[in-house]
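Under the working numbering, the first residue of the sequence shown carries the number 2, and numbering increases by one thereafter.
Read through the structure below, which is laid out as structure tokens, and then see the notes.
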Amino acid sequence: MASAPPGLQISQDGYTLVPLTTTLKRGKATDFRFTVNGPDGAPVTRYQVKHEKKLHFIVVSRDLGDFWHLHPEEAGDGVWSVPLTLPDAGAYRMFADFAPEGGPDLTLGADLFVPGDYRPRPLPPVERTAQVDGYTVTLAGDLTAGQVTKLVFTVSKDGTPVGDLEPYLGAKGHLVAIRAGDLAYLHVHPEEDTTAAGVTFAASAPSGGDYRLFLDFKHGGTVHTAAFTVRSTGTAAGHGLEDAHPGH
């Protein structure tokens, strides 16, 4: 039986994501705290460093209109702490992407809720170009279910390719892909043949359908996030959202 795609479970392989903050208010900054409890039931305190961090923390709105890639700090005794402000009422999904020392790479997920009137937004249309902070980001390549394909993002500004993208978390870009509907999660990283003005990723989709891609890149000392909606074709019955790089 195939295992579930990453991010759909709050507990896997004996590890459980435990949100300690239960109340979130619209537009109010919150010291959001959580632990990852290990097979012994105690909070994990030792992690492998992956892409310059022990743990990557992602939050998205359920309609995939909002995205945050945050970096929590260790508050002691296995507790993680991060400032979190959710601007609108509604449902959100949190993801913890990590590898405990001596354990497997895991992505665990849990739902967050902000009380109030909630009107979900439609998924943005499929497009090959995104505008963010004065930059134009263009996507080449397609997601195909069950096949590893290349996605190439090219960054330009004022019509000129940006040839000096800066390292961000040890790479020239970070890509998170989330499947619309159930919010299955994929976190991939660039291939070595990254071009000067762009970033190349290898990824495999678990199924046909719509996905939301969030590309983080750094230029001018600032991290920018470009978002795309893409549609995967075909069907696949394998593991799910596979990272194309073994050992991630």
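Backbone N, C-alpha and C define an ideal beta-carbon position, used for all residues, glycine too.
The beta strand (DSSP E) spanning residue i covers which residue range?
i, result
"Arg213", "210-220"
"Arg180", "175-180"
"Thr31", "31-38"
"Pro20", "16-20"
"Gly199", "199-205"
"Val231", "223-233"
"Leu56", "56-62"
"His70", "68-71"
"Ala76", "74-77"
Pick out whichever of the options has its Cα sitting closest to the Cα of residue i.
i, options, result
"Gly28", "Ser205, Val50, Pro40, Thr86", "Thr86"
"Ala181", "Val156, Glu167, Ser208, Thr201", "Ser208"
"Phe33", "Thr130, Gly77, Ser82", "Ser82"
"Ala178", "Gly77, Phe96, Pro73, Thr155", "Phe96"
"Thr226", "Asp78, Val156, Tyr212", "Val156"
"Arg94", "Ala185, Asp41, Leu176", "Ala185"
"Gly79", "Pro20, Pro88, Gly91", "Pro20"
"Thr24", "Ala92, Val138, Lys54", "Ala92"
"Gly117", "Leu176, Lys26, Asp159, Leu214", "Lys26"
"Glu128", "Leu56, Asp183, Arg213, Gly235", "Arg213"
"His57", "Ala90, Val138, Thr36, Phe154", "Thr36"
"Pro168", "Val200, Glu75, Pro44, Pro84", "Val200"
"Lys54", "Phe99, Val133, Tyr119, Pro126", "Phe99"
Pop quiz: residue i and residue j are said to be a contact at Cβ under 8 Å. What is the actual Cβ separation, rounded to whole angstroms?
i, j, result
"Leu144", "Val231", "6 Å"
"Gly39", "Pro101", "7 Å"
"Phe229", "Ala131", "6 Å"
"Ala30", "Pro84", "6 Å"
Counting only beta-carbon atoms, is residue i nearer than 8 Å to chain D?
i, result
"Thr155", "Reference to chain D is not applicable here, since this structure consists of a single protein chain."
- [ ] Spell out a yes or no on whether the segment 141-150 and the segment 60-67 are touching, meaning 3 or more CB-CB pairs, one atom from each, closer than 8 Å.
- [x] no
Open item on the list: Which complete alpha helix (DSSP H) runs does the segment 82-167 hold, if anything under 4 residues is left out?
Closed with: none
TODO: Check whether the segment 156-176 touches the segment 103-112, taking contact to mean three or more Cβ pairs, one atom from each stretch, closer than 8 Å.
DONE: no
Open item on the list: Under 8 Å, with one C-beta from each stretch per pair, do the segment 153-163 and the segment 208-223 reach the 3-pair mark?
Closed with: yes
Open item on the list: Whether or not the segment 101-110 and the segment 6-13 are in contact is what I'm after, with contact meaning three or more pairs of Cβ atoms, one per stretch, closer than 8 Å; do they touch?
Closed with: yes
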